[in-house]
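Protein chains in written order, with my numbering: chain A, 1 to 537; chain B, 538 to 852.
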């Protein structure tokens with residue numbers, strides 16, 4: 001290519017900024033990004049006195065505190081208080097952004113090369129230094145460690161890690177990798193989280209029970225079904241933080257009990273509030289709820305590999321036969337937002353704010369549903385098996401609300417209530433006709449669409465395949481211009497929606513609750529529960 | 538006596554072996570895959586295969602059982618699949634004491650409330666008090682314990698703030714706080730048991746009251762309280778102790794619900810989560826311990842008979 005005047009940096013910077021709905025922060029790219037404040041130049045000692053002991057009810061499953069091996073956001077919430085990443089997720093009340101965390105500056109040298117300058121004098125909780133070697137160690141642990149990290153794919157394109165000096169590290173990728181910030185900070189498991197090499201050496205596979213990071217809190221203990229205890233790291237690098245002396249995550253299985261404990265003041269926070277308890281908590285004067293629509297979507301999936309849902313017209317009929325208004329009220333307690341297509345509202349630049357009137361995607365139109373039903377090969381009453389389990393945000397409610405709606409188009413739904421593990425097994429084995437599911441997506445249209453609908457994908461439980469959809473998504477991965485990329489994803493979505501392996505339902509809010517004496521909580525709509533700035537009044 | 542104990546111990550081992558195989562087989566027969574559950578919804582086939590091999594779950598069923606049995610007997614209980622908790626510490630040092638404390642407190646509470654009520658209704662047989670107690674006992678036995686637990690939480694803990702909502706404080710570390718935390722769960726767990734104790738006590742006491750030795754005591758002019766609480770009590774001990782022993786299974790069952798509602802980190806909650814997560818090795822440890830407790834208590838009941846009834850003592 002002769003045209004050397006292409007400014008990769010600015011294209012990529014703009015691209016990254018737009019794609020995650022970001023603004024000014026990344027625009028001074030050439031000069032490098034300044035970490036938070038001048039605090040970056042000061043010795044990383046906490047000046048404030050830490051005080052107070054917060055207890056937070058953790059009602060969702062926590063698998064491990066090893067950031068490179070966890071699969072659950074409830075674990076990431078705690079991991080994030082113990083560790084730091086190269087980058088972190090920030091939120092200004094309107095949009096999510098990715099900022100340097102352990103990095104003092106983040107420079108994009110060209111479209112394939114990222115340069116990180118690290119904060120000086122940062123120590124792990126075990127007293128070892130957090131330097132370029134530690135960063136390299138952590139990234140390699142994700143990329144090619146043994147046992148293999150399930151998040152290795154996020155760094156698959158990482159070609160070379162160069163240690164420029166003890167505090168400078170350069171990452172080279174095999175191709176332009178705009179997904180990097182999302183890959184480093186992405187929701188389930190954080191590939192860019194830096195762990196103490198000495199601790200990994202010492203604990204091996206048991207690192208997840210003995211995590212050692214650089215974060216505002218040190219890990220103290222984990223008693224099964226009881227609590228996970230953290231204490232303040234007085235040497236934390238952000239000045240004046242943390243404010244709390246101790247934090248306990250109380251492991252409570254029964255959300256009703258957690259709500260009772262919150263209302264009575266026995267705990268001061270709840271890491272997740274199931275939808276059926278939201279209204280109850282809204283009525284409690286001494287409790288504040290945090291919750292917005294996050295990057296996710298729910299749907300009814302249909303098994304396209306066998307009758308009756310191998311018939312596209314029958315699937316289309318289902319997609320238009322579901323009364324979304326009734327569903328939002330009866331299944332989602334009036335708290336969710338109707339989903340027309342998978343791309344969710346926080347994905348600025350890709351989410352169409354006028355989608356409700358655009359005619360795209362799925363919505364309730366019984367006439368249309370009946371027209372498609374009339375085109376179906378089987379005109380008799382069709383009996384289908386709908387698997388449901390007490391799992392997900394609203395349990396079996398979606399199934400129970402939808403079943404009678406499908407009777408309107410001559411589909412007799414046989415609801416089968418399963419225990420969770422069995423449900424998962426049957427889904428994986430494609431031993432079902434219908435089931436409802438929700439997909440928690442990183443704030444990126446590729447991660448939203450491609451992994452679970454690409455031909456033969458691990459998460460394509462529906463057995464759906466469309467070469468044109470695959471082609472559009474693959475093409476969009478390397479297109480940098482946001483409107484053009486959005487156009488490709490919208491075209492892919494339209495193919496998906498028209499073929500309807502799934503019927504879209506809702507985008508869901510995720511709630512956290514605190515008693516009013518908890519101050520300074522910074523809500524981030526990526527299901528994080530950072531206690532850095534939290535204090536008890 | 539020693540031979541008797543020896544025989545019982547041998548039986549115990551046989552029972553444990555059968556129980557361990559049965560529970561292992563049942564869990565394996567149940568659909569569901571621990572690897573799928575621990576990996577959540579987003580994982581690839583390679584990750585799945587790696588994890589399965591790491592956990593030894595790719596081995597044939599019998600090989601897995603034999604491997605487990607060998608490890609268990611030699612004291613290598615291993616770690617849980619997901620959280621990598623040390624199973625021995627978790628089950629024996631953390632979960633077991635919680636359940637033992639809760640169970641003991643519930644039985645104590647049930648006896649404390651149930652026996653006097655049973656005795657009183659036996660003495661006032663067919664009176665108003667007897668009818669009221671009988672109705673109350675029936676209601677308590679029929680009341681779902683998890684629902685009662687939630688009611689107690691919302692009224693006594695949240696509304697009036699008299700007790701904590703949840704949590705466990707070891708009474709051997711802080712007795713007052715321990716009892717305070719234990720009050721609602723122990724009450725919840727003991728309710729169905731109270732009803733049972735009342736009825737057993739009443740029936741036994743009515744029968745005892747018709748025995749010649751009671752008439753003889755009365756004839757000697759012994760006061761009523763002495764007739765009932767000394768002569769009567771001594772003779773209802775056997776059915777009472779037998780009931781407690783036999784109902785231990787019921788109590789452990791109730792402990793599962795009670796521990797979940799009050800978020801107590803005991804065996805019940807551990808077993809529930811382990812079964813739901815198909816943590817085979819953890820379930821095995823829990824089942825073995827529960828079976829052992831059951832057998833041990835039955836052995837104690839057996840051994841206590843000669844002390845409770847002189848006629849059973851061997852000469």
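We put the CB at the ideal spot given by N, CA and C, even for glycine.
According to DSSP, is residue i part of a helix, a strand, or is it coil?
i, result
"residue 86(A)", "coil"
"residue 114(A)", "strand"
"residue 833(B)", "helix"
"residue 55(A)", "strand"
"residue 45(A)", "Confidence is the limiting factor: at residue 45(A) the pLDDT is only 46, short of 50, which leaves the residue's position unreliable, though a coordinate-based value still follows. Correct three-state label for residue 45(A): coil."
"residue 37(A)", "For residue 37(A), the pLDDT reaches just 38, beneath the cut-off of 50, and the residue's location in the model is therefore unreliable, although a value from the coordinates is still provided. Residue state, collapsed to three classes: coil."
"residue 662(B)", "coil"
"residue 417(A)", "strand"
"residue 850(B)", "coil"
"residue 680(B)", "coil"
"residue 622(B)", "coil"
"residue 243(A)", "coil"
"residue 298(A)", "strand"
"residue 129(A)", "strand"
"residue 248(A)", "strand"
"residue 50(A)", "coil"
"residue 760(B)", "coil"
"residue 526(A)", "coil"
"residue 154(A)", "helix"
"residue 269(A)", "strand"
"residue 535(A)", "strand"
"residue 177(A)", "coil"
I'd like the span of the beta strand (DSSP E) that includes residue i, first residue to last.
i, result
"residue 288(A)", "287–293"
"residue 504(A)", "502–507"
"residue 385(A)", "382–389"
"residue 614(B)", "It is not in any beta strand (DSSP E) - residue 614(B) carries neither H nor E in the DSSP assignment."
"residue 122(A)", "Careful: residue 122(A) lies outside any beta strand (DSSP E) and carries neither H nor E."
"residue 735(B)", "Element bounds for residue 735(B): not the beta strand (DSSP E) but the alpha helix (DSSP H), 712–746."
"residue 137(A)", "It is not in any beta strand (DSSP E) - residue 137(A) instead sits in the alpha helix (DSSP H) that spans 132–144."
"residue 171(A)", "168–173"
"residue 218(A)", "217–223"
"residue 230(A)", "227–232"
Assuming residue i contacts residue j (C-beta within less than 8 Å), just tell me the rounded distance between them.
i, j, result
"residue 64(A)", "residue 803(B)", "No, residue 64(A) and residue 803(B) are not in contact; Cβ-Cβ is about 23 Å, not under 8 Å."
"residue 609(B)", "residue 565(B)", "Not really, about 16 Å apart at Cβ, beyond 8 Å."
"residue 492(A)", "residue 469(A)", "5 Å"
"residue 445(A)", "residue 489(A)", "4 Å"
"residue 231(A)", "residue 249(A)", "Not quite, the Cβ-Cβ distance comes to about 13 Å (not below 8 Å), so this is no contact."
"residue 606(A)", "residue 440(A)", "Nothing can be reported for residue 606(A): it is not among the residues displayed for chain A, which extend from 1 to 537."
"residue 838(B)", "residue 779(B)", "6 Å"
"residue 592(B)", "residue 573(B)", "That belief does not hold up - the Cβ atoms of residue 592(B) and residue 573(B) are roughly 12 Å apart, past 8 Å."
"residue 146(A)", "residue 159(A)", "The pair is not a contact, with the Cβ atoms about 20 Å apart (cut-off 8 Å)."
"residue 60(A)", "residue 226(A)", "Between residue 226(A) and residue 60(A) the Cβ distance is about 16 Å, and since that is not below 8 Å, they are no contact."
"residue 859(B)", "residue 820(B)", "Since the displayed chain B opens at 538 and closes at 852, residue 859(B) lies outside it and no answer follows."
Residue i lies in the alpha helix (DSSP H); which residues open and close that run?
i, result
"residue 543(B)", "539–566"
"residue 436(A)", "Not the alpha helix (DSSP H): residue 436(A) falls in the beta strand (DSSP E), residues 434–440."
"residue 428(A)", "420–428"
"residue 165(A)", "Per DSSP, residue 165(A) belongs to no alpha helix (DSSP H); it is in the beta strand (DSSP E), 158–165."
"residue 598(B)", "598–610"
"residue 583(B)", "582–591"
"residue 810(B)", "804–813"
"residue 750(B)", "749–756"
"residue 546(A)", "The requested residue 546(A) does not occur in the structure, where chain A is confined to residues 1 to 537."
"residue 779(B)", "770–783"
Subject >> Sufficient close CB pairs (3 or more, under 8 Å) joining the region 124–136 of chain A to the region 156–173 of chain A >> reply: A contact is defined here as three or more CB-CB pairs under 8 Å, and the region 124–136 of chain A meets this definition with respect to the region 156–173 of chain A.
Original post:
For the 8 Å Cβ check, are there 3 or more pairs between the region 405–422 of chain A and the region 343–356 of chain A?
Top reply: The region 343–356 of chain A and the region 405–422 of chain A do not touch, with fewer than three beta-carbon pairs separated by less than 8 Å.
Original post:
What are the uninterrupted segments assigned as beta strand (DSSP E) that are 3 or more residues long and contained completely in the region 61–109 of chain A, given in chain order?
Top reply: 87–91, 96–100
Original post:
Between the region 172–185 of chain A and the region 105–121 of chain A, do three or more beta carbon pairs fall short of 8 Å?
Top reply: yes
Subject >> beta strand (DSSP E) runs contained entirely in the region 302–389 of chain A, provided each spans 3 or more residues >> reply: 382–389
Original post:
What are the start and end residues of each continuous alpha helix (DSSP H) run of 4 or more residues lying completely inside the region 456–483 of chain A, in chain order?
Top reply: 467–477
Original post:
If you pair each beta-carbon of the region 285–294 of chain A with each one of the region 513–520 of chain A, do three or more pairs fall below 8 Å?
Top reply: When Cβ pairs closer than 8 Å are counted between the two stretches, the region 285–294 of chain A is seen to touch the region 513–520 of chain A, the count reaching three or more.
**OP:** Please confirm if the region 294–311 of chain A is in contact with the region 363–370 of chain A, defined as three or more CB-CB distances below 8 Å between the two stretches.
**Re:** no
Original post:
Is the region 273–280 of chain A close to the region 333–349 of chain A, with three or more CB pairs under 8 Å?
Top reply: yes
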